[in-house]
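Going by the working numbering, the residue at position 159 of the sequence shown is 161; the numbering climbs one at a time, nothing skipped. Here the structure comes first, spelled out in structure tokens, and everything after it is commentary.
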Amino acid sequence: MIELRSVSRAYGDGPPALNDVSLTIARGEAVAVLGPSGSGKSTLLNLVAGLDRPTGGTVTVDGVRVDELGESGSARYRRTKVGMVFQSFHLLDDLTVFDNVVLPAQLGGMSRGASRRRAVELLEALGVARFADGFPGRLSGGERQRVAVARALMNRPAVLLADEPTGALDSVSGQDVRKLLTELHADGQTIVLVTHDLALAGACATRTVRLVDGRVAS
Ligand code: ADP
Ligand code: MG
Numbered sequence: 003m004i005e006l007r008s009v010s011r012a013y014g015d016g017p018p019a020l021n022d023v024s025l026t027i028a029r030g031e032a033v034a035v036l037g038p039s040g041s042g043k044s045t046l047l048n049l050v051a052g053l054d055r056p057t058g059g060t061v062t063v064d065g066v067r068v069d070e071l072g073e074s075g076s077a078r079y080r081r082t083k084v085g086m087v088f089q090s091f092h093l094l095d096d097l098t099v100f101d102n103v104v105l106p107a108q109l110g111g112m113s114r115g116a117s118r119r120r121a122v123e124l125l126e127a128l129g130v131a132r133f134a135d136g137f138p139g140r141l142s143g144g145e146r147q148r149v150a151v152a153r154a155l156m157n158r159p160a161v162l163l164a165d166e167p168t169g170a171l172d173s174v175s176g177q178d179v180r181k182l183l184t185e186l187h188a189d190g191q192t193i194v195l196v197t198h199d200l201a202l203a204g205a206c207a208t209r210t211v212r213l214v215d216g217r218v219a220s
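Now the structure itself:
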């Protein structure tokens, strides 16, 4: 599903953020990327997400050469192939919970009826349907992250990418999100998550990749 071949990402003259990383992730795997701060974890995730381009090597996701996409191809790729979840949720605070979740489908051109049905289904499956008409700012961190996961899944992405998804949560909410990601993996979702949370890696991941100084250490 995901193949990185000799991927590097350098910024200016500094040491490369990623240095000759090769990594293959099969459909249905849940992989945790671990490593100290500054080791290149977010850089790796952003390259898979099509948010950034490598300075060397190739990135292929679900048959798409992500490193070769132009601007519009990249936007379409991000809408259709990947869902992203961030530490700080990145929900739009002036849209309702429902509108946040339905937005990717509207941008992707799904019909209004189909996108509304999908949003209702996801909000129910993730246990946040009762907040549909409210605003994200009123929810707890764990509830917000559930909404963010619903949004990420809206267009049935080939891969779900999560960057420190429990990093801003208290331990009860963290446990909740851990369980949710583990269930998604059990349902066959391919997941790559970056985390410092060893409990999350242990519960959800079938494999861990450790980065040190932009290289795969193990
Ligand atoms: P991690 O997520 O593991 O903490 P990052 O992937 O965010 O690490 O960063 C890896 C390295 O790349 C760090 O040294 C960081 O300072 C550098 N870096 C990341 N983004 C940029 C950027 N936009 N410009 C310059 N350096 C960057
Ligand atoms: Mg990071």
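Using N, Cα and C, we set each Cβ at its ideal position, and we do this for glycine too. Predicted, not measured: the structure shown is a model, and the values here were computed from it.
With respect to the 7 Å criterion, GLN191 and LEU171 are not classified as neighbours on the basis of their beta carbons.
Within 10 angstroms of the beta-carbon of SER173 lie fewer than 16 other beta-carbons, which makes it exposed. Shortest Cα-Cα distance from VAL194 to any of LEU128, ALA152, ALA131, VAL87 involves VAL87.
ASN102 and LEU49 have their alpha carbons spaced roughly 24 Å apart.
Rounded to whole angstroms, the Cβ separation of ALA203 and THR210 is 6 Å, and the two are in contact under 8 Å. The stretch 81 to 133 contains, as complete beta strand (DSSP E) runs of 3+ residues, the segments 84 to 88 (chain order). When DSSP states are grouped into helix, strand and coil, ASP69 belongs to the helix group. A check of alpha carbon separations from LEU128 across GLY52, LEU183, HIS92, ALA160 identifies LEU183 as the nearest. DSSP links ASP165 through a beta bridge to PHE88, VAL196. Between ARG146 and PRO159 a beta carbon distance of about 19 Å is seen, past the 8 Å cut, so the two are scored as non-contacting. Separation of GLY58 and GLY16 (C-alpha to C-alpha, rounded to the nearest whole angstrom) is 15 Å. If you draw a 10 Å sphere on the C-beta of TYR13, you find fewer than 16 other C-beta atoms in it, and that means exposed. VAL214 sits exposed, since fewer than 16 C-beta atoms from the chains shown fall within 10 Å of its C-beta.
Check the Cα spacing between VAL23 and each of VAL66, VAL84, THR45: the tightest is with THR45.
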